[in-house]
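In our numbering, the protein residues as written are 754 to 892.
All remarks here apply to the structure that follows.
In structure tokens form, the structure reads like this:
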């Protein structure tokens, strides 16, 4: 039954140099089974920009696949606290992400900070993308 499905996602952004070559990693699970992973090079960016790009890219994927409810895990404490309104956003590029994120109000999500060791798959995908351009792979 579709309403009973539980979706979770792990996201990460990486930048070698900060700013430097950057990439994102996303892993999505449905009922604890991996259904999609994405690794994408996003050009010369900061680490925070990459974290937000991973989050926005996840929302775009969810919207495309009509997934309306998800639990999101990231090792970026800054992203979590800014999304929840606990930290103020001063960077203009990040402010523009917030405006784009607001367009996905039809998606209900919880976002939670986890330690890097619990985000290994998304971290690996993001680092790989930042090093060699990355690829999209559906499973």
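A virtual CB, placed ideally from N, CA and C, is assigned to each residue, including glycine.
{"Query": "Residue 801 burial status per 10 Å Cβ neighbour count (16 or more: buried)", "Result": "buried"}
{"Query": "Buried or exposed (CB count within 10 angstroms, at least 16 for buried), residue 858", "Result": "exposed"}
{"Query": "Residue range of the unbroken beta strand (DSSP E) whose run includes residue 774", "Result": "773 to 783"}
{"Query": "Buried versus exposed call for residue 827 [16 or more other C-beta atoms within 10 Å across all chains shown]", "Result": "buried"}
{"Query": "Endpoints, alpha helix (DSSP H) assigned at residue 814", "Result": "800 to 817"}
{"Query": "Segment contact, 8 Å Cβ cut-off, at least three pairs: the stretch 835 to 845 with the stretch 787 to 794", "Result": "no"}
{"Query": "Environment of residue 765 [buried if 16+ CB atoms lie within 10 Å]", "Result": "buried"}
{"Query": "Under 7 Å between C-beta atoms of residue 811 and residue 762", "Result": "yes"}
{"Query": "Expected contact under 8 Å - CB spacing of residue 778 and residue 876 to nearest Å", "Result": "6 Å"}
{"Query": "Distance between residue 799 and residue 869 (C-alpha atoms, nearest Å)", "Result": "18 Å"}
{"Query": "Coarse secondary structure for residue 697, derived from DSSP in three states", "Result": "What the structure shows of the chain is the stretch from 754 to 892, and residue 697 is not part of that stretch, so it cannot be assessed."}
{"Query": "Burial state of residue 872, where buried means 16 or more other Cβ atoms lie within 10 Å", "Result": "buried"}
{"Query": "Buried/exposed call for residue 781, threshold 16 Cβ in 10 Å", "Result": "buried"}
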